[in-house]
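If you read the protein sequences in the order shown, they are chains A and B. Quick note on this note's numbering: the first sequence kicks off at 180 and runs consecutively. Quick note on this note's numbering: the second sequence kicks off at 180 and runs consecutively.
2 protein chains.
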Amino acid sequence: MNSREEVDDFVKNGHTQYLPHLSIDPVIFGYHDQQLRILLLKWIGHNGWGLPGGFIRRSEPLSQAANRVLQERTGLDDVFLQQFHTFGDSPYRLQAQTARELTEKTGHLVEHDSWLFDRTLSISYFALVDYSKVNVTTDFFTEDYQWCDAGAIPPLLFDQNEVVDKALATLRRQLYHEPIGYNLLPEKFTLPEIHALYETILGKKLDQRNFVKKLVTLGLIKKLDEQRSIGPHRSPYLYQFEKDTYEAALEQGIVQAY
Amino acid sequence: MNSREEVDDFVKNGHTQYLPHLSIDPVIFGYHDQQLRILLLKWIGHNGWGLPGGFIRRSEPLSQAANRVLQERTGLDDVFLQQFHTFGDSPYRLQAQTARELTEKTGHLVEHDSWLFDRTLSISYFALVDYSKVNVTTDFFTEDYQWCDAGAIPPLLFDQNEVVDKALATLRRQLYHEPIGYNLLPEKFTLPEIHALYETILGKKLDQRNFVKKLVTLGLIKKLDEQRSIGPHRSPYLYQFEKDTYEAALEQGIVQAY
């Protein structure tokens with residue numbers, strides 16, 4: 180949505196095309212080279228950053244809408260995308276300032292009582308992508324973007340800091356029972372590669388020997404009879420995710436905390 | 180809501196008081212005496228059973244709405260209630276039959292294009308209660324209720340069988356890292372009591388010796404220096420949940436599947 184006419188029509192009549200009161204707000208984690216980052220957009224009408232987001236079409240299945248929003252913002256298809264919570268406790272409304280800036284930019288009067296300014300609940304998802312492969316798209320409503328270090332998130336719009344915290348907690352909790360990392364590592368990876376991924380996502384050091392022993396004992400990864408040659412006398416063994424084990428563990432519904 | 184006038188007003192003007200397109204549908208698990216059951220209501224206009232449900236008031240925080248819906252249906256406050264998923268993939272609409280039956284019962288014409296018949300997404304929660312302590316309330320929209328065995332759920336409205344399946348899977352997955360059972364057992368319980376609770380919820384036999392060892396090793400329960408006298412020569416030791424350990428495990432975000 181980039182022309183003034185499109186934006187004007189969206190503000191005035193968007194509720195005939197989209198469900199009001201509901202937005203989809205994905206927390207898009209980007210991992211690359213031992214960095215964990217989060218995609219933030221600079222929305223017009225706010226002095227600050229927020230999550231990417233979008234609306235659900237009137238007849239569109241929810242999961243399809245979530246994938247579409249992700250695809251529109253990042254160009255990515257077929258990535259790990261998981262719903263984790265619907266937020267609706269804080270007031271979550273666009274401010275009058277947004278109406279003023281939209282009026283300026285479109286040259287049409289945007290009323291603060293448009294459907295767009297109603298109370299909105301946020302159905303939140305998280306995705307995990309390799310940020311070096313992503314082309315972020317901004318539009319009329321978003322002036323800029325950044326891949327922000329997950330450890331240094333600035334104050335975000337509405338209750339979105341809480342959204343990011345919960346996304347990160349969920350991601351970390353699932354790390355040992357879902358194949359979350361499978362699209363961030365090569366299909367066959369070395370132990371240092373998966374060790375770095377887990378340390379980065381958990382935000383702390385893990386003893387490599389114990390970590391590996393645990394993953395292997397749990398049956399989450401398996402050693403292949405194959406080595407990668409990375410230099411003279413350096414040919415580490417390759418490993419692979421055991422997707423079946425993850426799925427069986429989930430089916431069984433038995434997980435434990437320690 | 181029980182009088183014809185109230186119902187008529189709700190059908191015609193409910194969207195001025197409640198958010199359209201959204202319902203809250205709690206899966207209420209009831210445990211008692213080694214039985215796991217689910218509360219089902221018989222909604223008018225359908226030949227079958229469905230989950231209890233309600234709407235969110237326009238200015239009501241979501242979690243408050245969820246607690247209110249639970250309280251209105253069961254009379255219970257202060258129970259374990261957790262959001263687990265928002266469903267929006269299947270068409271989820273009341274049928275014309277509901278409009279016809281409402282018209283008959285209220286004596287007012289109920290139009291099938293009322294807000295009540297719009298597409299609705301379901302924000303789903305699950306609760307865990309002692310069903311022997313619950314007074315279920317039916318109203319104008321619900322003709323009957325039952326506590327249905329969790330292993331024998333009939334075909335439900337819309338996609339609610341999927342909702343129940345996911346609730347049960349979530350409950351089972353969390354059993355080892357949230358103090359889910361704390362309001363179903365006495366504050367101080369015996370090992371056979373917690374063993375029966377876990378077996379019932381998981382729907383399978385657990386070797387008692389291994390089960391107890393695991394809970395104690397994980398630090399989820401602790402043995403008290405106290406016994407319960409249940410007969411001559413029968414004084415089993417009492418145990419208590421270690422709520423702090425559960426919370427630390429969740430904070431740490433490290434769980435494992437096996």
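No residue lacks a Cβ here, since even glycine has one placed at the ideal position from N, Cα and C.
| query | result |
| --- | --- |
| Could you tell me the alpha carbon to alpha carbon distance between HIS412 (chain B) and ILE400 (chain B), rounded to whole angstroms? | 25 angstroms |
| Report buried or exposed for TYR418 (chain B), applying the criterion of at least 16 other Cβ atoms within 10 angstroms of its Cβ. | buried |
| When we look at the beta-carbon of PRO334 (chain A) and count the other beta-carbons within 10 Å, is it buried (16 or more) or exposed? | exposed |
| I need the straight-line Cα distance from VAL190 (chain B) to SER301 (chain B), nearest angstrom please. | 19 angstroms |
| Say whether chain B places a C-beta atom closer than 7 angstroms to the C-beta of ILE302 (chain A). | yes |
| Does the CB of LYS286 (chain B) have a neighbour CB from chain A at under 7 angstroms? | It should be noted that the sequence gives Gly, not Lys, for residue 286 (chain B). Not closer than 7 angstroms to any Cβ of chain A, the Cβ of GLY286 (chain B) fails to qualify, so no. |
| Report the rounded CA-to-CA distance for THR369 (chain B) versus VAL308 (chain B), giving the unit in angstroms. | 19 angstroms |
| So, does the CB of PRO240 (chain B) fall closer than 7 angstroms to a CB anywhere in chain A? | yes |
| Would you kindly report the start and end of the unbroken alpha helix (DSSP H) that includes ASP188 (chain B)? | 183-196 |
| Would you tell me roughly how many angstroms separate the C-alpha atoms of GLU357 (chain B) and LEU403 (chain B), rounded to the nearest one? | 20 angstroms |
| So that I know if they touch, is there some Cβ in chain A lying closer than 7 angstroms to that of ASP138 (chain B)? | Since the first and last residues shown for chain B are 180 and 437, residue 138 (chain B) lies out of range. |
| Would you mind working out which of B:THR321, B:HIS225, B:SER202 and B:TYR361 sits nearest VAL186 (chain B), comparing C-alpha positions? | B:THR321 |
| Are the Cβ atoms of ALA306 (chain A) and ILE217 (chain A) separated by less than 7 angstroms? | no |
| By the 8 angstroms beta-carbon criterion, what residues does the stretch 214-242 of chain B contribute toward chain A? | ILE235, ARG237, SER238, PRO240, LEU241 and SER242 |
| Go to PHE259 (chain A), then tell me how far its alpha helix (DSSP H) extends in each direction, as first and last residue. | Premise fails: PHE259 (chain A) lies in the beta strand (DSSP E), 259-266, not in any alpha helix (DSSP H). |
| Would a check of beta-carbon distances place LEU198 (chain A) closer than 7 angstroms to chain B? | yes |
| What separation, rounded to the nearest whole angstrom, lies between the Cα atoms of ASN314 (chain B) and PRO231 (chain B)? | 14 angstroms |
| Could you name each continuous beta strand (DSSP E) segment of 3 residues or more that falls completely within the stretch 346-420 of chain B, going from the start of the chain to the end? | 400-406 and 416-420 |
| With hydrogens ignored, establish whether the beta-carbon of GLY227 (chain B) is closer than 6 angstroms to any heavy atom of the ligand GDP. | Within the structure as shown, the ligand GDP is missing, as the structure has no ligands at all. |
| Buried or exposed for THR396 (chain B), please, with buried defined as at least 16 other CB atoms from any protein chain shown within 10 angstroms of its CB. | exposed |
| By the 7 angstroms beta-carbon criterion, what residues does the stretch 241-273 of chain B contribute toward chain A? | LEU241, SER242, GLN262, HIS264, THR265, GLY267 and ASP268 |
| Can you tell me where the alpha helix (DSSP H) with LEU281 (chain A) in it begins and where it stops? | 275-285 |
| According to the Cβ coordinates, are TYR304 (chain A) and ALA244 (chain A) closer than 7 angstroms? | no |
| Would you mind sorting SER311 (chain A) into buried or exposed? The rule is 16 or more other CB atoms within 10 Å of its CB. | exposed |
| Grouping DSSP H, G and I as helix and E and B as strand, with all else coil, what is PHE234 (chain A)? | coil |
| With a cut-off of 8 angstroms, do at least 3 Cβ pairs link the stretch 224-242 of chain B to the stretch 336-344 of chain B? | yes |
| Residues of chain A with CB under 8 angstroms from LEU201 (chain B), in chain order? | HIS200, LEU201 and LEU300 |
| Using a Cβ-Cβ cut-off of 7 angstroms (strictly less than) and excluding sequence neighbours within five positions of GLU421 (chain A), which residues of its own chain qualify? | GLY398, LEU399, ILE400 and LYS401 |
| Need the endpoints of the alpha helix (DSSP H) that VAL206 (chain A) sits in, please. | Premise fails: VAL206 (chain A) lies in the beta strand (DSSP E), 201-211, not in any alpha helix (DSSP H). |
| In the DSSP assignment, find the beta strand (DSSP E) that holds THR299 (chain B) and state where it starts and stops. | It is not in any beta strand (DSSP E) - THR299 (chain B) carries neither H nor E in the DSSP assignment. |
| Determine whether the beta carbon atoms of HIS200 (chain B) and THR265 (chain B) lie at a separation below 7 angstroms. | no |
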